[in-house]
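The working numbering puts the sequence shown at residues 17 to 475.
Backbone N, C-alpha and C define an ideal beta-carbon position, used for all residues, glycine too.
Note that the structure is predicted; figures quoted are calculated from it, not measured.
Okay, structure first, notes after.
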Amino acid sequence: MAQDSSLISPIDISSPATDRGGKLSMLSPAVRFSLVAFLVGILTGLTASALKWSIVSVTKLLTSHLRVDGVDWPFLILPVIGILCAGIYQRYILKHDISHGADKVTDFVKSGKSNLPPYMIYAPFLASTITLGFGGSAGSEGPVATSGAAIGSNVARKLGMTPDEIRTMICIGAGAGIAGIFKSPIGGALFTIEVMAVSMSSSAIVSLIIATLTSALVAFVCSGMAPDIAFPDIQYINIGSIAWGAAAGLVCGIYSCYYSFIMKKLSTFFQSFNNQWLRNISSGLVIAIGVFCFPSLYGEGYDVISKMLAGDPAAFLSRSVVWNEFGSYSVIFLMTLCVALYKVFATAATNCGGGVAGDFAPTLFAGAVVGFLFTSIMKWIGIDLPVADCVMLCMAGVMAGTIKAPLMAMFLSMEMAMSFRLFLPVAIVTGVSYCVRIVLMHEFDHLRLKHNSTKSVKQ
């Protein structure tokens, strides 16, 4: 998701409300906003938990009977069915495109509108369940951010809040959605401030934190107090690790440039289809080919990352027809590299070909793969690094470089790992990755413009 330099400017909620007829008008503005934010956080946390459960249930229903070894031919058709169903749902039932929901919420608020329709609470939920449950290779954060924004809008409107207050609550609801789906309260708050580029007063930020904390806590309790990714004990990294941390950031930054470039090109490609049926089928086939060759690309992939961290270095290649064909660990590096390179194709096809999903979780999965590849490279040159640490650092690094939100990437990854002991290495990796992405893409754009200018002169 690209960052916009322009700022949304919600009102300062510490000022008196302009609407004295609201149901909460007897309370001070700050207290009223905090209570509404608390309610929105509870509802959004429950929505995030329900979405996770729904996606996992559909996935288990469709894949539990498949073979653990050998060729799973249904992988060639399930993603196509999922994208087709999601496309049909949007075109003929909703009659509204709800893909790239977080971007559209930002545009909605910037346009000065304040009333998201109630169906935007459940529509992304259903469409995302279909998309990811049938094998779409993306995340559930985009849809839940949209649902959270719609919850904020409708709750605030029901309670008689002003249009300006409703717009602020939309932003708070979107951040609560991210917090709930990742169980990351600080990450959710930074999504609103850093990614949505929202300028908020100190009292509004307090309400945002209340909503994200509540949402993350509710989601955490509903999941049985279990994290989405089971990180083992993170090792302490001393000051001597700065050098290889910078090296990991460099690798993440270069990969982020590749990821962003391919994503942009594929987005343009899929959007160029005038026939929506053809767009759905073609994107579904792109996903299906990837999932058939590498089933780890199915869905969000958190379970695959957990297995790899638990001591199974070939988890990215489990149930892969390619892996079973070769049958030797001597090609694990090459095959894992293929997973890293193809992930962006599967994600772009999911999000741009008719599916309803998110852009953040794929960068975490890709970062985990890059982290494993980085430890393999370092091991070959005689440096033995802890795999779990590198995976977490590179998850943050790839997210920071790809979505250009280093602060959100830092805190979200550490909250997912439930450890702030790696704060310094994570800061180094995300900072280097972000800078590399900015510098390389700037140079690339400069060379492209120079080439186009020279070409125009020659013509």
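- With respect to G164, G203 sits apart: the two C-beta atoms are not nearer than 8 Å.
- One alpha carbon belongs to L233, the other to I225, and they sit about 12 Å apart.
- Listed as beta-bridge partners of G155 by DSSP are G374.
- Counting C-beta pairs closer than 8 Å gives three or more between the region 56-73 and the region 152-161, which meets the contact rule.
- If you compare the alpha carbons of T352, L313, M241, I245 with that of G152, the shortest gap goes to L313.
- Cβ atoms of T122 and M216 stay farther apart than 8 Å, at about 14 Å.
- Taking each of S223, V302, M177, R183 in turn and checking the Cα distance to F91, the smallest one comes out for V302.
- The beta carbons of V96 and R183 sit no closer together than 8 Å.
- Distances from the CA of G261 to each of P45, S50, Y108, F439 were compared; the closest alpha carbon is that of F439.
- A distance below 6 Å between beta-carbons, with the five flanking residues on each side excluded, links M185 to the following residues of its chain, in chain order: G168, A172.
- Under the DSSP assignment, R183 falls in the alpha helix (DSSP H) whose first and last residues are 179-198.
- P201 counts as buried, since at least 16 other C-beta atoms from the protein chains shown sit within 10 angstroms of its C-beta.
- As the crow flies, the alpha-carbon of F308 is around 7 Å from that of D88.
- Rounded to the nearest angstrom, the gap between the Cα atoms of E316 and S44 is 42 Å.
- By a beta-carbon distance limit of 8 Å, E210 does not contact M415. Their separation comes to about 12 Å.
- Using a 10 angstroms sphere on the CB of N367, the tally of other CB atoms reaches 16 or more, which defines it as buried.
- If you draw a straight line from the Cα of T446 to the Cα of F150, it is about 32 Å long.
- For G306, the closest C-alpha among the options C273, T352, A53, G117 is that of T352.
- Within the model, the alpha-carbon separation for T75 versus V47 is close to 42 Å.
- Across the structure, T79 and A421 are spaced so that their CA atoms are roughly 35 Å apart.
- Comparing alpha carbon positions, the residue from I444, S144, F310, A362 closest to S298 is A362.
- Distances from the alpha-carbon of L428 to those of I454, A377, M457 put A377 closest.
- Looking at S218, F198, S130, the one whose alpha-carbon comes closest to that of M177 is S130.
- Within the region 217-279, the runs of alpha helix (DSSP H) that reach at least 4 residues and sit entirely inside it are, in chain order, 218-238.
- Boundaries for A326: no alpha helix (DSSP H) harbours it, and the DSSP string shows neither H nor E there.
- By alpha-carbon distance to T162, the top candidate from P179, Y135, Q106 is Y135.
- A residue is called buried once 16 or more other Cβ atoms fall within 10 Å of its Cβ, and Q287, having fewer, is exposed.
- Here V237 is exposed. Its C-beta has fewer than 16 other C-beta atoms within 10 Å.
- Between I348 and L333, the gap from beta carbon to beta carbon is short of 8 Å.
- Between the region 261-280 and the region 373-390, the count of C-beta pairs closer than 8 Å reaches three or more; the two stretches touch.
- Closest in C-alpha terms to D375, from the list A404, A433, I419, comes I419.
- For D113, no alpha helix (DSSP H) segment is defined, and its DSSP state is neither H nor E.
- In the same chain as A356, and ignoring 5 residues on each side of it, the C-beta atoms closer than 8 Å to its own belong to Y271, A382, V385, V386, L389, in chain order.
- Taking the Cα of V72 as reference, the smallest distance to any Cα among T147, V442, L110 is reached at T147.
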